[in-house]
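Quick notes on the structure that follows.
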Amino acid sequence: MDIRIVAVIGAGTMGAGIAQVCAQTGWKTRLYDAFPEGLEKGMNSIHSFWDKGIMRGKTTEQQKLEWSANLSFHEDIAEAVSNADLVIEAVPEIMKLKQDVFREIEKNSSSHSILATNTSGLPIGEIAESTNCPERVIGMHFFNPVPIMKLLEIVKHDSCSKNTIEVAQSIAESMGKESILVNDVPGFATSRLGVVLGNEAIRMLADGVASATDIDTAMRLGYRHPMGPLELTDLVGLDIRRDILNNLADSFDDEKYRPHPLLDRLVSEGSLGKKSGTGIYDWSSGEKEERDLKL
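Spelled out as structure tokens, the structure:
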């Protein structure tokens, strides 16, 4: 399948990153958000990333011009998905919201479009069942920051066609990503492992085993993780990780997956990570700083 036009639904951190990579791949990319301020924030994020690349000598002004020409911003979802060969949904992790969005996408997109969701843990089959074309629905789970992270987790469900899987794998290759193919089980492969590690790191922090920085350093230097589990939790979002953990606990009927009370408390306080300025660390100054966190 020849991909020419891509629509990305949701201009948050993930959606903006996905749209940026699509534009850099050479596809005409339409970024949609229901809220003008969200669309503006996503647009600024993409251009800021490109400008930093130019300052560091990793990209050129000419490349930015070419990539910018591939990118457009839309407040009308029907306009965004019309004639798109690929639609990637990246809205908040709420099942009903995603199902509503997919019904709207199906109604306004082409009959040949591949419809992908970037969910990090919700069942792909349930999202697909909200449409009349479940065979064209697939999970394409990107990682933050999308332009840098090489992995793309492709998630197939029971009704997903072989063609859809093969096209998704081809899309990953075109983007310069390395893909893995997993079945539609709670947490997939990456989220299930990642949130369990992050939750245990939070437990260790609450128990006073070591500071957040030292726990993260242990995993970076001792296990060659590019980023420690607590810093990564702040980057992904504490609310997202909490929701995945609760979904795993409910799906497997196993309380060991429940988020640690410290994680619940931070989310209830609005400390969601880097995006809110504070999380496990304090990011308000622009630099990562330790916080005094106690249960």
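One gets the numbering used here by counting positions in the sequence shown from 1 and adding 312 to each. A virtual CB, placed ideally from N, CA and C, is assigned to each residue, including glycine. None of the values given here were measured: they were computed from a predicted structure.
Inset, instruction - Work out the CA separation of Gly322 and Leu542 for me, nearest whole Å. - result: For the purposes of this step, residue 542 is identified with residue 230 of the sequence shown, where counting begins at 1. For the purposes of this step, residue 322 is identified with residue 10 of the sequence shown, where counting begins at 1. Each residue's alpha carbon lies about 26 Å from the other.
Inset, instruction - Would you mind working out which of Trp362, Phe500, Gly598 sits nearest Ile460, comparing C-alpha positions? - result: To locate residue 460, count along the sequence shown from 1; it is residue 148. Checked all of Trp362, Phe500, Gly598; the closest Cα to Ile460 is Trp362.
Inset, instruction - Verify whether the separation of the beta carbon atoms of Ser421 and Ala396 is less than 8 Å. - result: Residue mapping note: residue 421 aligns to position 109 of the sequence shown, counting from 1. Residue mapping note: residue 396 aligns to position 84 of the sequence shown, counting from 1. Contact flag set, yes.
Legend entry - the stretch 321 to 341 / the stretch 490 to 497 touching (three or more Cβ pairs under 8 Å): no
Inset, instruction - Tell whether a beta-carbon distance below 8 Å holds between Asn514 and Leu574. - result: One-based indexing of the sequence shown puts residue 514 at position 202. One-based indexing of the sequence shown puts residue 574 at position 262. The sequence given here places Ile at residue 514; Asn does not occur at that position. Yes; because the gap between Cβ atoms is below 8 Å, this pair is in contact.
Legend entry - C-beta contact flag for Ser583 and Gly591 at 8 Å: Here residue 583 is taken as the residue at index 271 of the sequence shown, counted from 1. Here residue 591 is taken as the residue at index 279 of the sequence shown, counted from 1. Yes, these two residues count as a Cβ contact at 8 Å.
Legend entry - Buried versus exposed call for Gly329 [16 or more other C-beta atoms within 10 Å across all chains shown]: Mapped onto the sequence shown, residue 329 falls at position 17. Label assigned to Gly329: buried.
Inset, instruction - Answer yes or no: do Val311 and Leu427 have a C-beta to C-beta separation smaller than 8 Å? - result: Any question about residue 311 goes unanswered here, given that the chain covers just 313 to 607.
Inset, instruction - Could you say which of Ile477, Thr502, Ala440 lies nearest to Leu463 if we only look at CA atoms? - result: Here residue 463 is taken as the residue at index 151 of the sequence shown, counted from 1. The shortest C-alpha separation from Leu463 is found at Thr502.
Legend entry - In chain order, each alpha helix (DSSP H) run of at least 4 residues that lies wholly inside the stretch 535 to 593: 541 to 548, 550 to 564, 573 to 580
Inset, instruction - Please work out which residues of its chain come closer than 6 Å, Cβ to Cβ, to Arg415, disregarding the five sequence neighbours upstream and downstream, and give them in chain order. - result: To locate residue 415, count along the sequence shown from 1; it is residue 103. For Arg415, where only same-chain residues beyond five positions count, the Cβ hits under 6 Å are Ser442.
Inset, instruction - Assign Ile426 to one of three DSSP states: helix, strand, or coil. - result: As a position in the sequence shown, residue 426 is number 114, starting the count at 1. Strand at Ile426.
Inset, instruction - State the beta-bridge partners of Thr341 as determined by DSSP. - result: As a working mapping, residue 341 is identified with position 29 in the sequence shown. In DSSP, Thr341 forms a bridge with Val318, Leu383.
Legend entry - CA nearest to the CA of Met452, picked from Tyr535, Asn511, Ser423, Thr431: Taking the sequence shown and counting its residues from 1, the one referred to as residue 452 is at position 140. It is Thr431.
Inset, instruction - Look at the alpha carbon of Leu409 and the alpha carbon of Gly324, and state the distance between them as a whole number of angstroms. - result: Looking up residue 409 in the sequence shown gives position 97. Looking up residue 324 in the sequence shown gives position 12. Going by the C-alpha atoms only, they are around 15 Å apart.
Legend entry - Identified DSSP bridge partners for Ile400: If you number the sequence shown from 1, residue 400 lands on position 88. Partner(s): Val320, Ala428.
Inset, instruction - Measure the C-alpha to C-alpha separation of Gly549 and Tyr535 and round it to an integer number of angstroms. - result: Mapped onto the sequence shown, residue 549 falls at position 237. Mapped onto the sequence shown, residue 535 falls at position 223. If I take the Cα positions, the gap works out to 23 Å.
Inset, instruction - Compute the Euclidean distance between the alpha carbons of Val507 and Asp546, then round it to the nearest angstrom. - result: Sequence index remark: in the sequence shown, residue 507 carries index 195 (1-based). Sequence index remark: in the sequence shown, residue 546 carries index 234 (1-based). Cα-Cα distance, rounded: 12 Å.
Inset, instruction - Look up His453 in the DSSP assignment and give the residues it is bridged to. - result: Residue mapping note: residue 453 aligns to position 141 of the sequence shown, counting from 1. Answer is Glu465, bridged to His453.
Legend entry - Neighbour-count burial assignment, Ser357, 16 or more Cβ in a 10 Å radius: Sequence index remark: in the sequence shown, residue 357 carries index 45 (1-based). By the neighbour-count rule (16 or more Cβ atoms within 10 Å), Ser357 is buried.
Legend entry - Nonlocal neighbours in the same chain, by C-beta distance under 6 Å from Trp595, ignoring five residues either side: Here residue 595 is taken as the residue at index 283 of the sequence shown, counted from 1. Result list for Trp595: Lys586, Gly589, in chain order.
Legend entry - According to DSSP, residues forming a beta bridge with Glu602: Walking along the sequence shown from the start, residue 602 turns up at place 290. In the DSSP output, where bridge partners are listed per residue, Glu602 has Tyr593.
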